[in-house]
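A.B. asks: Count the sequence shown with UniProt numbering and you get residues 1 to 138, in order. Please find one structure pasted underneath; my questions will follow.
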Amino acid sequence: MHDYVPLYFNPRNAMLYQRQKDFSSELVILEIDKKIILNDYTLFSKGNAARSDCKIEASLLKVKDFPWESIYANTWSNNGEVDEAQKTIMMSECLIRDHIPPEYILHVHCRNDEINQTVRYQTGSQLKSFRTSPEWFF
1 MHDYVPLYFN PRNAMLYQRQ KDFSSELVIL EIDKKIILND YTLFSKGNAA RSDCKIEASL
61 LKVKDFPWES IYANTWSNNG EVDEAQKTIM MSECLIRDHI PPEYILHVHC RNDEINQTVR
121 YQTGSQLKSF RTSPEWFF
């Protein structure tokens, strides 16, 4: 798995929640063109790919049967209790071999305008679209 770049189908998951607590002002979300799934050697995980019980698929035909409603859920808790199965399925991933070519980066989503301006300045003209999208974050 170390040769793959993980892309979450639902970026608003437990990993983002944890990383945002640790790196709040340094965190952005990259929105990637869906066409990237057609690249050679792309894999798909049904759940968090780092887990030993995770199912990895190479076929797009099998991906259509993923539990998409659960993957795109808004929460991983049920009546105030953490639902570990839901938490894991929300971290389902598309795994891209080696790297993501810059032309696949559609937008850089930032938590607020200040971060947006900082990232714009730091990246120069390498990336084209920056958005302030607080709804993508916790």
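C-beta atoms are modelled at their ideal positions from N, C-alpha and C, and glycine is treated no differently.
Can you say whether E93 is buried or exposed, counting buried as having 16 or more other CB atoms within 10 angstroms of its CB?
C.D. replies: By the neighbour-count rule (16 or more Cβ atoms within 10 Å), E93 is buried.
A.B. asks: Less than 8 Å between C-beta atoms, sequence neighbours within five positions excluded: which residues of the same chain meet that for S70?
C.D. replies: Q86, I89, M90
A.B. asks: Please report the Cβ distance between R131 and H107, rounded to the nearest whole angstrom; I am assuming they are in contact, meaning their Cβ atoms lie under 8 Å.
C.D. replies: 5 Å
A.B. asks: Quick check: Q122 and P102, are their CB atoms within less than 8 Å of each other?
C.D. replies: Not closer than 8 Å, so no.
A.B. asks: Against chain D, with Cβ distances strictly below 8 Å, would R19 count as a contact?
C.D. replies: Absent from the structure: chain D. Only one protein chain is present.
A.B. asks: How would you call K55, buried or exposed, if buried means at least 16 neighbouring beta carbons within 10 angstroms?
C.D. replies: exposed
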